[in-house]
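Right, one structure below, let's go through it.
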Amino acid sequence: MIVKQSFEVFRVPKYPTFFASRFISNLGNGMGPVALAFAVLAMPDSTPTSLSLVLAAQAVPTVALLPVGGVIADRLGRARVIAITDIILSAIVATIGVLFLTHTATIPVVMALSFVAGCLNALWYPAFTGLAADVVPDAHLQRANAYVAFAANSGLIIGTGVAGIVVATLGAPIAILFDAATFLIAGILVLTFRHVSVKKVSEQSHLRDLVDGWKVFTSFRWIVVVVGAYSFIVLVMRGAEEVVGPVLALQSYGGAAGWSLVLAGQSVGLLVGAVIASRFKPKRPMVFGALATGALVPYLLALAFAAPLWVVVPLAFFWGIAMDAFYIVWLTEVQSRVPREALSRVMSYDAFGSLIFGPLGLALAGPMVVVIGIANTLFVAAAVSCAAVAAMLLAPSVRGLRALAASETS
């Protein structure tokens, strides 16, 4: 009976298609970052700063346009926005792959294409984070979020695990082209259930919608505190994992294959975290989240000391568990408490605040490695992470938030 109830959400129309779309998309997402990093680093005269510039070119518009993406998702319907952006992203990523394949890629051109991809990501993310609430009833939300995360993380595990092999044997451009194909398939799948998200008819201006969304966002003090803390967590994570990590791997872990193993370990952790979150509802969800975030610190310290892979991979695994378990709890709490008509706008401000320093982390990581070295850069990242965790635990709104009863959802 328990097993039957656990998987009852798959009886909801369109949910299995939603589940499949995330698995397929993340097969490519597991390969994409690894392939892009090593494709850029393999270019003539490329440096860690070159990689920082490419990644920042995508991250900046993603962050800057997130609030606009939230308004568009609430107005046009979340499923439609996801489908359209996935399909266009497929074309952008395919172009990048072809440029590397034909040895015609240059840093400015890749930055320009990455900028366009970043704009599309700003539309996609607020739509995605609210889509489960359109597809399934509130009673199934936490399990729906957990199973979608399970699908996404399964794709990441396979994609990341294969990435090192593909990059080493077939080349980074082939892995990038595979990423493009998965975007296309996922977009087509979501397009089949675009009508689950109802368009919002609004007589207000887009600016008024933005202002109203901000008022709803700031009315939840615990959301503001956690988002503020995570702006610093994301700052160090993006720099550490997307810039410093690949550079460290070239020196100490055998290049793409070694770094893929670290990311695969983290992805397995994400998978386990999703399973845990499907059955675990903490009484104090944000305290749980703050404590879980602390798992980032030993992972960063292990990288700082260039610890052997048998040490780094398990720590990446535990960080993955903590990260995804909290993400699912967070997503469910926000979806359950925020009015549905403002959900994408609130999630866009959540993402905007959380990601706002991400481009800075990417831009600074490469130069910091050059100036102070890999180890000192990672020590700084660990210290910032400790401060962010402490800030969350010290906030009364975080400590005082208790899990909702089923009858209290929005």
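Counting in this note's numbering, the sequence shown runs from 26 upward without gaps. Ideal placement from N, C-alpha and C gives every residue a C-beta, glycine not left out. Keep in mind the model is a prediction, meaning the values are calculated, not measured.
Here T120 has L138 as same chain residues with Cβ atoms under 7 Å from its own Cβ, once five neighbours each way along the sequence are excluded. DSSP, reduced to helix, strand and coil, places R309 outside both helices and strands of the structure shown, so it counts as coil. The C-alpha of G383 is placed about 16 Å away from the C-alpha of P92.
Put simply, of Q360, A142, W335 the residue whose alpha carbon is nearest the alpha carbon of L156 is Q360.
For the 9 Å CB-CB criterion, D349 and N146 do not form a contact.
For A171, the enclosing alpha helix (DSSP H) has its first and last residue at 166-194. For the pair R362 and A176, the CB atoms are not nearer than the 9 Å cut-off.
At a cut-off of 4 residues, the continuous stretches assigned as alpha helix (DSSP H) that sit fully inside the segment 293-359 are 310-318, 321-329.
When the Cα atoms are used, I258 and V414 turn out to be separated by approximately 9 Å. Check the Cα spacing between F218 and each of T87, V37, W355, S50: the tightest is with V37. It is roughly 21 Å from the alpha-carbon of A407 to the alpha-carbon of A81.
Ranked by Cα distance from Y374, the options P41, T110, A152 are led by A152. Around the beta carbon of L419, fewer than 16 other beta carbons sit within 10 angstroms, so the residue counts as exposed. Its chain contains G189, A193 as the residues whose beta carbon lies nearer than 7 Å to that of A282, once the 5 sequence neighbours on both sides are disregarded; these appear in chain order. Contact check for G425 against V249 fails: the beta carbons are separated by 9 Å or more. Put simply, the backbone Cα of N401 is about 23 Å away from that of F63. Scanning T110, A130, A254 for the CA closest to the CA of V65 turns up A130.
Straight-line spacing of the CA atoms in A67 and L389 works out to 20 Å. Under a 10 Å Cβ-count criterion, I397 is classified as exposed, with fewer than 16 other Cβ atoms of the shown protein chains found around its own Cβ.
Under a 10 Å Cβ-count criterion, T87 is classified as buried, with 16 or more other Cβ atoms of the shown protein chains found around its own Cβ. Ranking P58, K39, L216 by CA distance to the CA of I113 puts L216 first. Annotation for G280: no alpha helix (DSSP H) segment contains it, and DSSP assigns it neither H nor E. Here the alpha carbons of V85 and V134 stand approximately 16 Å from one another. Note on C411: under 16 other CB atoms within 10 angstroms of its CB, so exposed under the neighbour-count rule. R427 counts as exposed, since fewer than 16 other beta carbons sit within 10 angstroms of its beta carbon. Cβ neighbours of V394 within its own chain (closer than 8 Å, five residues either side excluded): P73, V268, V269, V272, T402. Within its own chain, the residues whose Cβ lies closer than 7 Å to the Cβ of I107, once the five positions on either side in sequence are excluded, are W149, A152, F153, L156, V215, listed in chain order. Look at R105 here: in three-state DSSP terms it is helix. The continuous stretches of alpha helix (DSSP H) do not include F35, and DSSP gives it neither H nor E. Spanning the alpha carbons of P392 and L209 requires a straight line of approximately 35 Å.
Boundaries of the alpha helix (DSSP H) harbouring D159: 132-160, taken from the DSSP string. Note that the segment 341-358 touches the segment 304-316; at least 3 beta-carbon pairs, one per stretch, sit closer than 8 Å. Taking a C-beta distance under 9 Å as the contact criterion, A169 and V160 qualify as a contact pair. Counting along the chain, P392 sits inside the alpha helix (DSSP H) bounded by residues 383-397.
Within the segment 232-280, complete alpha helix (DSSP H) segments of at least 4 residues are found at 246-264, 270-277, given in chain order. Taking the CA atoms as reference points, G184 sits about 20 Å from V337.
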